[in-house]
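Undergrad: Would you mind keeping the following structure in view while I ask a few things?
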Ligand SMILES: O=C(O)CCC(=O)C(=O)O
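Numbering (the working numbering), first residue to last: 3 to 381.
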């Protein structure tokens with residue numbers, strides 16, 4: 003089915019992209035069309051999801067290996083907790099999968115924000131209209147042949163009403179281990195995000211600082227990050243007090259609007275003082291060629307290039323152009339080397355939950371590599 007034409011307000015214009023390249027973030031753009039937001043579309047879906055999880059009705063069948071175990075002791079189905087289900091929910095919620103993978107706006111922003119410097123230079127020669135105007139509205143893009151972009155992960159970021167929950171100052175590159183030019187987080191608002199709701203705060207221009215050292219504060223009260231990771235004190239102080247070089251900007255959003263930030267951008271968010279929960283979905287987008295790790299990226303490691311094996315969802319480009327990452331929404335049919343597409347069709351369905359579990363296990367393997375058992379827990 004052809005994608006619906008983009009509305010004027012959704013067109014990615016050169017000014018926004020130049021702003022992104024200069025500051026490392028876009029504080030607000032409309033991702034979900036206004037007309038699609040009627041009837042509390044996003045928040046309603048989210049509420050039903052939460053209610054179902056809270057009722058304990060989400061159950062995971064045991065893996066086929068367990069079912070066939072020789073012990074003859076039946077293995078009980080388990081109910082994964084919210085702290086896990088909030089990750090990669092697009093794999094078992096068809097509405098969420100379609101919202102992301104079907105979004106022309108997300109695709110246009112993704113492929114434009116993740117251009118390499120060479121690709122950017124090449125595109126300087128294209129006119130604004132060709133690149134970002136009429137062609138986009140017609141569902142075409144001049145840059146569609148560039149490197150594919152994948153959804154590396156998604157996570158619901160929920161700060162309960164009037165809670166002290168916060169995210170300390172950090173960079174998304176730290177544990178994802180992708181560089182700033184390889185990854186961008188698009189943060190989609192599911193509720194109104196006012197000044198008092200603890201919006202995401204960016205330090206503009208901080209992406210130019212590259213990877214900064216972080217300290218861990220595991221178990222720090224209220225910190226919603228898995229390891230309480232925070233930029234090292236002295237470095238953070240230098241950035242915090244330099245409002246001239248790194249101005250603070252808050253992502254104040256209405257439902258359906260989104261912000262975007264480069265994986266190297268220093269950001270945080272403070273307590274939610276509103277009487278309602280603050281709800282957003284962080285969509286982590288990565289260039290498909292980021293699966294190829296070079297020796298430089300591996301701290302002090304002289305080993306030859308190797309591939310990352312994270313499971314990811316293809317957003318733009320062709321499955322055959324993705325090397326290293328394993329695709330969640332495309333697979334090679336055995337025998338005839340033909341790519342087939344996959345999408346979730348049943349909410350919390352058996353097959354859907356099995357795919358989700360496979361991806362979560364792989365994500366944890368990559369994210370917690372080298373950590374002890376006790377620390378392998380998502381918040
Ligand atoms: O939801 C928040 O307030 C912060 C989330 C965040 O740090 C991120 O999405 O990278």
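C-beta: ideal position from N, C-alpha, C; glycine also. Owing to the predicted nature of the structure, the values given are computational and were not obtained by experimental measurement.
Residue 30: buried (16+ other C-beta within 10 angstroms of its C-beta) or exposed?
TA: buried
Undergrad: Would the beta-carbon of residue 271 be found less than 6 Å away from any heavy atom of ligand 2?
TA: This structure lacks ligand 2; its bound ligands are ligand 1.
Undergrad: Is residue 227 near residue 169, with beta carbons less than 7 Å apart?
TA: yes
Undergrad: Using DSSP with H/G/I as helix, E/B as strand and the rest coil, what is residue 149?
TA: coil
Undergrad: So does the stretch 311–325 actually touch the stretch 190–210, counting three or more Cβ pairs closer than 8 Å?
TA: no
Undergrad: Have a look at the DSSP bridge pairing and note the partners of residue 161.
TA: The partner list for residue 161 (beta bridge, DSSP) reads 280.
Undergrad: Which first and last residues belong to the beta strand (DSSP E) in which residue 259 is found?
TA: Residues 259–264.
Undergrad: For residue 389 and residue 236, what's the separation of their Cα atoms in angstroms?
TA: For the chain, the structure presents residues 3 to 381; residue 389 sits outside this window and is missing.
Undergrad: Could you tell me if residue 38 is buried or exposed, where buried requires 16 or more neighbouring beta carbons within 10 angstroms of its beta carbon?
TA: Exposed: under 16 other Cβ atoms inside 10 Å.
Undergrad: For the stretch 236–245 against the stretch 285–294, are there 3 or more C-beta pairs whose distance is under 8 Å?
TA: Too few Cβ pairs lie closer than 8 Å, so no.
Undergrad: Would the beta-carbon of residue 204 be found less than 6 Å away from any heavy atom of ligand 1?
TA: No, since every heavy atom of ligand 1 falls outside the 6 Å radius drawn around the Cβ of residue 204.
Undergrad: Kindly list the residues whose CB is nearer than 7 Å to the CB of residue 278, restricted to its own chain and excluding five residues on each side of it in sequence; keep chain order.
TA: 163 and 193
Undergrad: Using a Cβ-Cβ cut-off of 6 Å (strictly less than) and excluding sequence neighbours within five positions of residue 325, which residues of its own chain qualify?
TA: none
Undergrad: Taking the beta strand (DSSP E) that residue 192 falls in, what are its first and last residues?
TA: Judged by DSSP secondary structure, residue 192 falls outside any beta strand (DSSP E); it is assigned neither H nor E.
Undergrad: Quick one: does residue 272 have its CB under 7 Å from some CB of chain D?
TA: You won't find chain D in this structure, because it holds only one protein chain.
Undergrad: Find out if the Cβ-Cβ distance for the pair residue 263, residue 187 is shorter than 7 Å.
TA: yes
Undergrad: Between the stretch 92–107 and the stretch 343–356, do three or more beta carbon pairs fall short of 8 Å?
TA: yes
Undergrad: Counting beta carbon pairs with one atom in the stretch 175–190 and one in the stretch 102–121, are three or more of them shorter than 8 Å?
TA: yes
Undergrad: If you run the structure through DSSP and keep just helix, strand and coil, what is residue 103?
TA: The answer is helix: DSSP assigns residue 103 an H, G or I state.
Undergrad: Which residue from 213, 282 and 87 puts its Cα closest to that of residue 45?
TA: 282
Undergrad: If you measure from the CB of residue 284, is any heavy atom of ligand 1 nearer than 6 Å?
TA: yes
Undergrad: I'd like the list of long-range same chain contacts for residue 88, defined as Cβ closer than 6 Å, with 5 residues on each side in sequence excluded.
TA: Sequence-distant Cβ neighbours of residue 88 in its own chain, meaning closer than 6 Å and more than five residues away, are 157 and 158.
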